[in-house]
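Chemist:
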Amino acid sequence: GNEAFSRGDLAQAQQDWEGGVAMLLALGQLPPEAHSLLCVLRNNLAQLFVKRGEWNRVKEMTDKILDREPENEKALYRRAQAFFAYSLWDKCEKDLEQLLRHHPGNAHAASMLQQVLRKMGRDRRQLGGKG
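Each residue of the sequence shown is one higher than the one before, counting from 4 in this note's numbering.
#1: Give the DSSP-derived three-state secondary structure of P35 in the structure shown.
#2: What are the boundary residues of the alpha helix (DSSP H) that includes L27?
#3: Confirm, please, whether the CB-CB distance from E72 to C95 is below 8 Å.
#4: Report yes if the CB atom of R55 is closer than 8 Å to the CB atom of L13, and no otherwise.
#5: Mapping DSSP to helix, strand and coil, what is Y80?
#6: Grab the span of the alpha helix (DSSP H) containing L99 for me, first residue to last.
#7: Per DSSP, what kind of secondary structure is E57 in: helix, strand or coil?
#8: Buried or exposed for M26, please, with buried defined as at least 16 other CB atoms from any protein chain shown within 10 angstroms of its CB.
#9: Would you report the Cα separation of W92 and R121, rounded to the nearest angstrom?
#10: Roughly how many whole angstroms lie between the Cα atoms of Q17 and E6?
#11: Which residues in the same chain have their Cβ closer than 8 Å to the Cβ of N47, if we skip the five residues on either side of it in sequence?
#12: What three-state label does DSSP hand R10 in the structure shown?
#13: Any contact between the region 55-66 and the region 31-42? By contact I mean 3 or more CB pairs, one from each, below 8 Å.
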């Protein structure tokens, strides 16, 4: 899947990664290392859906990752991207703050958080301070 994604063959990448997820889930009770691989595959799929602008699918994948790994840096960032796309500023802010609490060096998250705070301030002003 990674090679297909790198060369821009998103359909093949999606097929490969979804196949990997299906194989792991078919195993039933997963050992910890299989759960880690499952999260990697789902994060890869989430990135593919980001690239396509399929925000509902981004949220679906990242929710599954964060249920298992609540501090997963990539999943928090990608879900924040989905919330940002839907102008869900409060949810976006929450994910970015959690991400930065555990990964303070993430410059992309810090930059997005500043954008969110500016947008929240503007929305509050438009609502007469009732945001």
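Backbone N, C-alpha and C define an ideal beta-carbon position, used for all residues, glycine too.
Modeler: With the given structure in hand:
#1: The sequence position of residue 35 within the sequence shown is 32, counting from 1. In this structure, P35 counts as helix in the three-state DSSP scheme.
#2: By one-based count along the sequence shown, residue 27 stands at place 24. It spans L13 to A29 - the alpha helix (DSSP H) in which L27 sits, taken as one unbroken run.
#3: Against the sequence shown, residue 95 aligns to sequence position 92. Against the sequence shown, residue 72 aligns to sequence position 69. No. Outside cutoff.
#4: As a working mapping, residue 55 is identified with position 52 in the sequence shown. As a working mapping, residue 13 is identified with position 10 in the sequence shown. Yes, they are a contact pair.
#5: In the sequence shown, residue 80 corresponds to position 77, counting from 1. Three-state result, Y80: helix.
#6: Position 96 of the sequence shown holds residue 99. Taken as a continuous stretch (DSSP letters only), the alpha helix (DSSP H) holding L99 covers W92 to H105.
#7: Taking the sequence shown and counting its residues from 1, one reaches residue 57 at position 54. Three-state result, E57: coil.
#8: Counted from its first residue, the sequence shown places residue 26 at position 23. Looking at its Cβ environment, which holds fewer than 16 other Cβ atoms inside 10 Å, M26 is exposed.
#9: The count along the sequence shown starts at 1 and reaches residue 92 at position 89. The count along the sequence shown starts at 1 and reaches residue 121 at position 118. The alpha-carbon atoms of W92 and R121 are separated by roughly 10 Å.
#10: Your numbering for residue 17 matches position 14 in the sequence shown. Your numbering for residue 6 matches position 3 in the sequence shown. Their Cα atoms are separated by approximately 11 Å.
#11: Taking the sequence shown and counting its residues from 1, the one referred to as residue 47 is at position 44. G4, N5, F8, A16 and W20, listed in sequence order.
#12: Numbered from 1 along the sequence shown, position 7 holds the residue referred to as residue 10. Reduced to three states, the DSSP call for R10 is coil.
#13: no
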